[in-house]
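**Q** So the first sequence is numbered by my numbering: it starts at 2 and just counts up by one. Glycine included, C-beta positions come from ideal geometry on N, C-alpha and C. Attaching a single structure in structure tokens format; questions to follow.
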Amino acid sequence: MADTPRPPLPEAPAAAPLPEAADGPYDPTAVETKWYRYWEDGGFFHADTEAVTSGEKEPFVIPMPPPNVTGRLHMGHALQDTVQDLLIRLKRMQGFEALWIPGIDHAGIATQNVVERKLREQGLDRKAMGREAFLTHVWDWREEYGDIILKQKRRLGDSCDWRYSRFTMDEGFSRAVQEVFVRLVEDGLVYKGEYLVNWDPENQTVISNEEVDNVERSGSLWTVRYPVVDADGTDTEAALMIATTRPETIPADTAVAVHPEDERFQHLIGQRVRVPVGNRLVPVIADEAIQMDFGAGALKVTPGHSEVDWEIGKRHDIEVLSIMNLDGTLNDLAGAYAGMERTAAKKQIVADLDADGYLVKTEDYTVMTPISSRSKAVIEPLLSPQWYVRMAPLAERALAVVNDGTVTFHPARWANEYRRWLEDIRDWPISRQLWWGHRIPVWYHTTEAGEIDDSRDFVVSVDQPEAGMVQDEDVLDTWFSSWLWPFATLGWPAGEGAEGPVADTSPFPMASPEALRAFYPASVLVSGYDILFFWIARMIMAGLHFTDRVPYRDVFITGMIKDTQGRWMSKSLGNGIDPLDMIEQYGADAVRFTLAVLCAQGQDIKLDPAKFEGGRNFANKVWNASRVFGRSIETDRDGRPTTDARRTRAFADLSLVERWVVTRLGETTESVTASLGAYRISEAAQTVYDFVWNDFCDWYLELIKPARGEDGEIQNLDAETLAVAVETFEGALRLLHPFMPFLTEELWWKQRPRGPREALIACDWPTPDPTERDTEAVHLFSTVQSLVGAVRQVRAQYGVAPSKPLAVTVSVGGDHAEATARALEDVRGYIERLARVDDLIIAADAPKPDASAAVVVDRHQVFVPLAGMIDLDAERERLRGEIEAKRGFLASVERKLANENFVSRAPEAVVGKERQKRDDATAEIAALEANLADLG
RNA sequence: GGGCCCUUAGCUCAGGGGUUCAGAGCGCUCGCCUCACACGCGAGAGGUCGUUGGUUCAAAUCCAACAGGGCCCACCA
């Protein structure tokens, strides 16, 4: 099946006219919407299967973690999307067929709750209206609000191929989910069983262990007396003291347990005790699980309401009683307490025990309480029939692919967390007692009366097997669809050669066997560690089981965004930072760049909104940088550039600063490419920032910047200078584009005339030209930088106005002083301009003028005559201090060199470096001392 | 109870055997509206890299213990 044809390409929007010199800072708003529309309309985000299947391009694929349909964009999305878009744009530029698959998750419980709450506000009740009507409301809600977050993501600049966008409950996806259930049943990996589950009485559904948070709560530990009875069931004098935090479950006690080696209770093992609530007679059993030193050393066994007890009960074949209803009230088995809510029942039972003389002791106690991460309700362990996935076989393969490196975690330490979870995996309860979700594809026969006929076997089938059968009421866990994301989005199972239902489902033209072949497995998954178990691990299991391949090669785990105090951002705390507000305030590029800088190796980010100022300032810096030489680019009436500045000089014929800046750009390119390749996002951001700000702007632009002519007008740069400026700047724009797509695209179009498809987004990622590298130039230029720095230092120290020209003598030292002096002579203009010097003498070992300040840099000296301005005492003091520091340094170097072990064992290069340091330091000290002596 | 992470400048954090590794941003001090940018420019101050041991010619960097802070797992009722 062919991809939909690309939409006709629009003309490139005219770049906005360059602002006049007096214009204010960069204003991102108009720029961002303009370019997003251009990219999207122009099909620049598109990934086509043909390019891959024909072998023309390698695929690079990222499946976006589908945000919840109830979601609004938050900082976590902004961070993760920044990383994903960065990688996608980088790879697209590097010539990959880059596909970022977006979508939405139906988010079972969350969505059902949101809609239910909304209906309640309108006076409507979910249960009263019934399943079908309620689901209509949910779908309406989804239509109305469900895509908001994807629209918000466009503001960030996300370059997803929206044609691939999927919803976990769209037709094809639902089909895939049900298909998966059926296959797992066939494979013997799904079973139904009645076990103790985590029951959420609020939402009245089962949830998985991963959805339960254990929190410490202050509670009580009650010690209760259980009388031992004789053979007739009559109380004896003896009794067992039992400590419990959950007296409301006493009516469900079906045994009492002690440790088999506990001396105190040997004689009681096998006897019976009377449960002081309900007076049930239960056996005393012995089990290793009992802690002798806890409480009085005896445990009440309540297999129907406690996980530990369930295990103990199983070992000893103890009766299981369930005394609770699904809404958290006690049932008839609780006798007098039937109908009471569980917390009320707890109070009442304690009061009654106390009144009847069974309560021995009440202590304050910190109880680990299981809480539903969804509803925050206290979880009740409850006996309930549910569907489970047998996880051990799936986990085994998922472990293997991480252990053998088929899947790599970044940073690597998350692989340990992953292993730990998989090695101790438990079966996954996948049924949920909800209405919003994928209906379980299990069908039951019915009786004449329309009831489910338990006497006949159920049938597992995607479609209704025969008329009259009814489908299981329950739906599947949300994650039971999410775990198929990387392949179900592409049309699986249609790609398996089966006559798939997806291939001809018109709303998803991109899902096809070809797409699956071309774009699966994905390349990298970017996600937070909060869903490592929920999603990341399960996707790997599903990928291996259903497609026999890993769903992605790399997993990039980001840190989580916290507030300035390190707390999770949450609605209830009101400490959230809205990314859209930040984009309004600072611009999307600024937000992205800031997040990229902060995104260091999986550490959590304590985010202060003021940090976005840094990104904004940088965006502004880049914007203004282009104006320096941008003035020299001619434009037509629409503001489009007409000057096509191209370099004609060979690299060797460039000026020193040009060879320097081109070399630096090459180094930067190499470094940024390497950092991004290793997922060191912040390092890459920092590197390109440093180049643009410190090298390109502070030195290069300062030197080429046009001066005003005689008439006071700003002059244009000559064509050759302009060409290098434009080309270098274009190189920086390419490097910056993945970080700051809008700004860079805007500036890109201002540099020279371009055709409609020559957008920056579609440009090649730069590779440095090895012949355009000049380490000599770098070295000489750094000497210039030092000398300029020295003059500026003198200026600042003596309070000489920056505008006042100075006379300066540079005494060049070092091994090749004459040659260095000649080289510096060639670029004397640099020093004159940057240090504002109007009388510059450069010579090897030039004499020191009278009454001048002296600064030693490297092996050179800079003399600035400042008659009458020098405080001799202060100058002496300063020199002495400097000499002392230098001597200390020299001493440490000499100590090192005197060390036999060091000289013989350290690499030659390291030793050589130390020798060089020694020689330089010695020379510098000599120079400093001469200066000091000169002061008298 | 097990495991992981963090502790570096006033603040937020990079760096992860060898003086380009003692750094960045913010803040602070001093001087500048220098004709791209005050969302700016120039010059500075400010850390014995949590503590103690060890490995090494060499430790902020590797190892161990300890002290703080945080996170994740876990059935002491």
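Who are the Cβ neighbours of arginine 660 in its own chain at under 6 Å, not counting the five residues just before and after it?
**A** Mapped onto the first sequence, residue 660 falls at position 659. Taken in chain order, the residues that qualify are Asp775 and Ala778.
**Q** Where does serine 893 sit, in a helix, a strand or coil, going by DSSP?
**A** Here residue 893 refers to the residue found at position 892 when the first sequence is read from its first residue. Helix, per DSSP.
**Q** Quick one: what's alanine 382 bridged to in DSSP?
**A** Against the first sequence, residue 382 aligns to sequence position 381. The displayed chain sequence assigns proline, not alanine, to residue 382. According to DSSP, which records beta bridges pairwise, proline 382 is partnered with Asn199.
**Q** Can you tell me whether DSSP reads lysine 154 as helix, strand or coil?
**A** Stepping through the first sequence from its first residue, residue 154 is reached at position 153. Looking at lysine 154 - three-state DSSP - the assignment turns out to be helix.
**Q** If you pair each beta-carbon of the region 114–123 with each one of the region 178–198, do three or more pairs fall below 8 Å?
**A** No contact exists between the region 114–123 and the region 178–198.
**Q** Using a Cβ-Cβ cut-off of 7 Å (strictly less than) and excluding sequence neighbours within five positions of cysteine 600, which residues of its own chain qualify?
**A** One-based indexing of the first sequence puts residue 600 at position 599. Excluding positions up to five away in sequence, the list reads Leu80, Val84, Thr559, Ile682 and Ser683.
**Q** Start and end of the alpha helix (DSSP H) containing tyrosine 146?
**A** Here residue 146 refers to the residue found at position 145 when the first sequence is read from its first residue. Its alpha helix (DSSP H) spans residues 132–146.
**Q** If the criterion is Cβ atoms closer than 8 Å, does the pair methionine 540 and proline 552 meet it?
**A** Start at 1 with the first residue of the first sequence, and residue 540 comes out as number 539. Start at 1 with the first residue of the first sequence, and residue 552 comes out as number 551. Closer than 8 Å, so yes.
**Q** Do three or more CB pairs link the region 452–464 to the region 410–424 at distances below 8 Å?
**A** Taking 8 Å as the limit for Cβ pairs, the verdict is that the region 410–424 does not touch the region 452–464.
**Q** Return helix, strand or coil for phenylalanine 46, following the three-state DSSP convention.
**A** Position 45 of the first sequence, counted from the start, is the residue given in the question as residue 46. Correct three-state label for phenylalanine 46: coil.
**Q** Among His75, Arg143 and Arg218, which residue has its Cα nearest to the Cα of lysine 563?
**A** As a first step, residue 563 must be located in the first sequence, where it is residue number 562. Of the candidates His75, Arg143 and Arg218, the one whose C-alpha sits nearest the C-alpha of lysine 563 is His75.
**Q** Does the region 226–240 come close enough to the region 315–325 that 3 or more CB-CB pairs lie under 8 Å?
**A** With a cut-off of 8 Å, the region 226–240 and the region 315–325 do not count as touching, because too few Cβ pairs lie within range.
**Q** Going by DSSP, what residues sit across from alanine 287 in a beta bridge?
**A** Within the first sequence, numbered from 1, the residue matching residue 287 stands at position 286. Answer by DSSP bridge pairing, in chain order: Val259.
**Q** Among the candidates Val828, Ala845 and Ile762, whose CA atom is the shortest distance from the CA of leucine 87?
**A** Counting from one through the first sequence, the residue named residue 87 turns up at place 86. Per the Cα distances, Ile762.
**Q** Whose CA, out of Asp425, Pro371, Leu384 and Ala111, lies closest to the CA of alanine 396?
**A** As a first step, residue 396 must be located in the first sequence, where it is residue number 395. Nearest option by C-alpha distance: Asp425.
**Q** Just to confirm before moving on: does the CB-CB distance between valine 725 and leucine 655 stay below 8 Å?
**A** By one-based count along the first sequence, residue 725 stands at place 724. By one-based count along the first sequence, residue 655 stands at place 654. Yes, they are a contact pair.
**Q** Beta carbon of proline 739, beta carbon of glutamate 671: below 8 Å?
**A** On the first sequence, position 738 is the one that residue 739 refers to. On the first sequence, position 670 is the one that residue 671 refers to. Against a cut-off of 8 Å, the Cβ pair of glutamate 671 and proline 739 comes out as no contact.
**Q** Hey, is the region 129–146 in contact with the region 477–494, meaning 3+ C-beta pairs nearer than 8 Å?
**A** The region 129–146, when compared against the region 477–494, does not touch it at the 8 Å Cβ threshold.
**Q** Restricting to Cα atoms, I'd like to know which of Ala797, Tyr366 and Ser373 is closest to phenylalanine 295.
**A** Counting from 1 along the first sequence, the entry for residue 295 is found at position 294. Out of Ala797, Tyr366 and Ser373, Tyr366 has the C-alpha closest to the C-alpha of phenylalanine 295.
**Q** Between proline 64 and isoleucine 102, which are expected to be in contact by the criterion C-beta below 8 Å, what is the C-beta distance as a whole number of angstroms?
**A** As a first step, residue 64 must be located in the first sequence, where it is residue number 63. As a first step, residue 102 must be located in the first sequence, where it is residue number 101. Confirmed, about 5 Å.
**Q** State the beta-bridge partners of valine 525 as determined by DSSP.
**A** For the purposes of this step, residue 525 is taken as the residue at position 524 of the first sequence. Bridge partners of valine 525: Asp555.
**Q** For isoleucine 89, which three-state DSSP category applies?
**A** As a first step, residue 89 must be located in the first sequence, where it is residue number 88. In this structure, isoleucine 89 counts as helix in the three-state DSSP scheme.
**Q** Which class does aspartate 505 belong to by DSSP, given the choice of helix, strand or coil?
**A** The sequence position of residue 505 within the first sequence is 504, counting from 1. Confidence at aspartate 505 is low in this model, with a pLDDT of 45, below 50, so its placement is unreliable and the value that follows should be read with caution. Coil at aspartate 505, not helix or strand.
**Q** Give the secondary structure of glutamate 342 by DSSP, where H, G and I count as helix, E and B as strand, and everything else as coil.
**A** Residue numbering aside, residue 342 sits at position 341 when the first sequence is read from its first letter. DSSP places glutamate 342 in strand when its eight states are reduced to three.
**Q** Can you give me the C-alpha to C-alpha distance between serine 513 and threonine 54, rounded to a whole angstrom?
**A** Indexing the first sequence from 1 puts residue 513 at position 512. Indexing the first sequence from 1 puts residue 54 at position 53. C-alpha separation (whole angstroms): 13 Å.
**Q** How long is the line joining the alpha carbons of alanine 504 and proline 510, rounded to whole angstroms?
**A** Counting from one through the first sequence, the residue named residue 504 turns up at place 503. Counting from one through the first sequence, the residue named residue 510 turns up at place 509. Because the pLDDT of alanine 504 is 44, which lies under 50, any placement of that residue in the model is unreliable, and the question is left without a value.
**Q** Apply the 10 Å Cβ neighbour rule to asparagine 204 and answer buried if 16 or more other Cβ atoms are within range, or exposed otherwise.
**A** Indexing the first sequence from 1 puts residue 204 at position 203. Buried, since its Cβ has 16 or more Cβ neighbours within 10 Å.
**Q** Quick check on the burial criterion: 16 or more other C-beta atoms within 10 angstroms. Buried or exposed for glutamate 958?
**A** Past the boundaries of the shown model lies residue 958; the chain is included only from 2 to 937, so the question cannot be answered.
**Q** May I ask which residues mark the beginning and end of the beta strand (DSSP E) holding valine 1?
**A** Only positions 2 to 937 of the chain appear in this structure, which leaves residue 1 out of reach.
**Q** For the alpha helix (DSSP H) containing methionine 540, list its first residue and its last residue.
**A** Counting from one through the first sequence, the residue named residue 540 turns up at place 539. Counting along the chain, the alpha helix (DSSP H) containing methionine 540 begins and ends at 539–543.
**Q** Please state whether DSSP places valine 274 in a helix, a strand or coil.
**A** Within the first sequence, the letter at position 273 stands for residue 274. Of the three classes helix, strand and coil, the one that applies to valine 274 here is strand, per DSSP.
**Q** Where does the unbroken beta strand (DSSP E) through leucine 781 begin, and where does it stop?
**A** Locating residue 781 in the first sequence gives position 780, counting from the first residue. Segment 776–799 is the alpha helix (DSSP H) holding leucine 781; no beta strand (DSSP E) there.
**Q** Between which two residues does the alpha helix (DSSP H) containing arginine 735 stretch?
**A** In the first sequence, the residue the question calls residue 735 occupies position 734. Looking at the DSSP string, the run of the alpha helix (DSSP H) that includes arginine 735 is 720–737.
**Q** With 16 as the cutoff for other CB atoms within 10 Å, does histidine 268 come out buried or exposed?
**A** Residue numbering aside, residue 268 sits at position 267 when the first sequence is read from its first letter. With fewer than 16 other Cβ atoms within 10 Å, it is exposed.
**Q** On a Cα-Cα basis, can you pick out the residue from Gly44, Val276 and Ser627 that is closest to phenylalanine 730?
**A** For the purposes of this step, residue 730 is identified with residue 729 of the first sequence, where counting begins at 1. Per the Cα distances, Ser627.
**Q** May I ask you to list the residues that DSSP assigns as paired with alanine 844?
**A** Stepping through the first sequence from its first residue, residue 844 is reached at position 843. Its beta-bridge partners are Ser812.
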